[in-house]
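Below: one structure, written as structure tokens.
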DNA sequence: AGTATCATGTAAACTGTTACATGATTCG
DNA sequence: CGAATCATGTAACAGTTTACATGATACT
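Protein chains in written order, with full-length UniProt numbering: chain U, 1 to 201; chain W, 1 to 201.
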């Protein structure tokens with residue numbers, strides 16, 4: 001359900017082809033709401049069916065075409081409604097915490113591998129988001145530049161501040177996950193001994 | 001995919017009827033992996049089809065029956081495999097952060113309502129999980145007691161420690177979400193003024 | 001001529017949500 | 001005898017993932 005609003009977020013700065021949209025998606029709003037291209041094309045068609053966007057076929061070379069999507073007033077209205085309405089919160093469903101709570105059923109090696117993997121995963125995410133924060137501050141992200149180009153200059157700081165805010169939440173999340181993983185490693189050290197099967201070679 | 005392992009986590013301490021399982025689920029592992037009862041019954045049937053559990057129909061009164069599920073060796077093996085294998089990590093998909101990043105499209109009132117709601121939601125979750133931590137420490141959660149009853153006393157502390165660890169991660173998560181929401185409120189104050197439409201009555 | 005990248009999807013399977021549906025038993 | 005709770009689902013829909021599938025154009 002959020003995918004369409006992520007797509008509208010991009011289309012609000014101007015028309016884009018499905019392909020461009022998909023590419024821009026990966027490097028901007030896709031950090032906040034991941035979606036593969038195979039989901040984006042059908043969703044655009046569906047949104048077109050509901051009147052939120054209109055697609056315009058453009059010739060490309062001799063035979064090729066590309067479909068450029070424009071946001072309609074109805075699409076803009078749907079976006080505004082989404083912004084004004086409360087977000088429905090889903091109950092938590094965390095595989096990592098589920099597994100962690102029953103880790104006595106794993107070998108200590110598997111437990112260590114699980115935590116190392118958890119930390120590795122979130123460090124990777126953290127890196128992405130921090131890099132994005134740097135690009136936001138420098139205002140060098142291409143979609144952000146296009147957005148600022150169609151925004152009243154008095155609102156530039158606010159626009160940048162909200163983008164920053166969105167990513168700061170994810171950065172905090174990643175840091176919390178990493179800290180939790182490290183806390184788990186300390187717990188394993190205390191339960192099984194610090195070197196546990198990795199000392200002797 | 002995690003639902004079945006959440007269910008096996010409970011069945012590992014002994015057989016349970018679908019109904020009991022569902023009830024125990026809500027107050028224990030359901031905090032880590034939410035699922036409605038309408039999902040639990042079909043999943044049990046599916047697991048039975050795959051040989052992970054066997055269901056035994058028991059008479060109840062004159063006409064009623066209840067189906068008691070036992071974990072099979074195959075089910076136990078599937079659980080062990082899940083414990084040993086690395087968890088697949090899904091890319092992030094956070095509606096709240098998505099919305100936050102584009103909050104310049106909302107009115108300041110809607111933005112404030114969104115943050116208040118976010119904080120309210122996570123405070124509620126936090127309360128649940130902290131209460132669960134207290135019950136874990138007191139070892140008074142019924143499923144935990146049943147688990148300890150079938151566990152070697154030398155492993156009791158470890159079992160409790162991992163349960164605690166699982167919930168601590170969620171508590172940290174909730175605290176991070178609340179802190180982020182408050183940071184957002186401060187941001188709104190700085191952008192729109194601290195009292196903004198809520199001062200005069 | 002070959003490679004990168006532009007360009008767009010379909011199909012099947014899986015997972016999860018919501019609403020609806022029904023009836024039995026136990027306790028006061 | 002009425003209410004709580006025991007007991008078990010189905011149906012329809014929404015959302016997501018994965019694998020497959022194809023071909024055009026631009027650049028070197």
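Beta carbons: idealized from backbone N, C-alpha and C, even for Gly. In this text the structure is predicted, and so the values were computed from the model without any measurement.
Next item on the list: Name, please, each residue of chain U whose Cβ falls closer than 9 Å to the Cβ of residue 9 of chain W.
Entry: 98, 101, 102 and 105
Margin query: Please tell me whether residue 119 of chain U and residue 193 of chain U are closer than 8 Å, where the distance is taken between their beta carbons.
Written below: no
Notebook entry, point to check: Do we get a CB-CB distance below 8 Å when we pair residue 114 of chain U with the residues of chain W?
Noted result: yes
Note to self: DSSP has residue 57 of chain U in a bridge; who is on the other side?
What the structure shows: U:67
Checklist line | Where residue 144 of chain U falls: helix, strand or coil (DSSP) | finding: helix
Next item on the list: Taking only beta-carbon positions, decide if residue 87 of chain U is within less than 8 Å of chain W.
Entry: yes
Next item on the list: Check the Cβ-Cβ distances between residue 146 of chain W and every residue of chain U, and say whether any is below 8 Å.
Entry: no
Check: Going by other Cβ atoms of all chains shown within 10 Å of its Cβ, with 16 needed for buried, is residue 22 of chain W buried or exposed?
Finding: buried
Next item on the list: State buried or exposed for residue 53 of chain W, treating a residue as buried only when at least 16 other CB atoms are found within 10 Å of its CB.
Entry: buried
Next item on the list: Could you name the residues of the same chain whose beta carbon sits closer than 6 Å to that of residue 146 of chain W, not counting the 5 residues immediately before and after it, in chain order?
Entry: 13
Check: Hey, quick one: how far does the alpha helix (DSSP H) through residue 166 of chain U stretch, first residue to last?
Finding: 156 to 192
Notebook entry, point to check: Who are the Cβ neighbours of residue 143 of chain W in its own chain at under 6 Å, not counting the five residues just before and after it?
Noted result: 24 and 28
Note to self: By the three-class DSSP mapping on this structure, what secondary structure does residue 28 of chain W have?
What the structure shows: coil
Next item on the list: For the stretch 79 to 115 of chain W, list the beta strand (DSSP E) runs that are entirely contained and at least 3 residues long, ordered along the chain.
Entry: none
Check: Which residues of chain W have a Cβ atom closer than 8 Å to the Cβ of residue 159 of chain U, listed in chain order?
Finding: 104
Margin query: Pop quiz: residue 70 of chain W and residue 56 of chain W are said to be a contact at Cβ under 8 Å. What is the actual Cβ separation, rounded to whole angstroms?
Written below: 7 Å
Notebook entry, point to check: Grouping DSSP H, G and I as helix and E and B as strand, with all else coil, what is residue 201 of chain U?
Noted result: Caution is warranted here: a pLDDT of 39 is assigned to residue 201 of chain U, below 50, making its placement in the model unreliable, and no coordinate value can be reported.
Checklist line | Whole-angstrom C-beta distance between residue 123 of chain W and residue 178 of chain W, which should lie under 8 Å | finding: 6 Å
Margin query: Does the CB of residue 32 of chain W have a neighbour CB from chain U at under 8 Å?
Written below: yes
Next item on the list: Helix, strand or coil for residue 3 of chain U, going by three-state DSSP, please let me know.
Entry: helix
Next item on the list: Go ahead and pull the three-state DSSP assignment for residue 44 of chain U.
Entry: helix
Margin query: Do residue 5 of chain W and residue 121 of chain U have their beta-carbon atoms positioned less than 8 Å apart in this structure?
Written below: no
Next item on the list: Please state if the CB of residue 83 of chain U and the CB of residue 106 of chain W are separated by a distance shorter than 8 Å.
Entry: yes
Item checked: Cβ of residue 29 of chain U within 8 Å of any chain W Cβ -> yes
Margin query: Checking 8 Å against the spacing of the C-beta atoms, do residue 18 of chain W and residue 63 of chain W come in under that value?
Written below: no
Next item on the list: Measure the C-alpha to C-alpha separation of residue 60 of chain U and residue 131 of chain U and round it to an integer number of angstroms.
Entry: 35 Å
Notebook entry, point to check: Could one say the Cβ of residue 187 of chain W lies closer than 8 Å to chain U's Cβ atoms, at least one of them?
Noted result: yes
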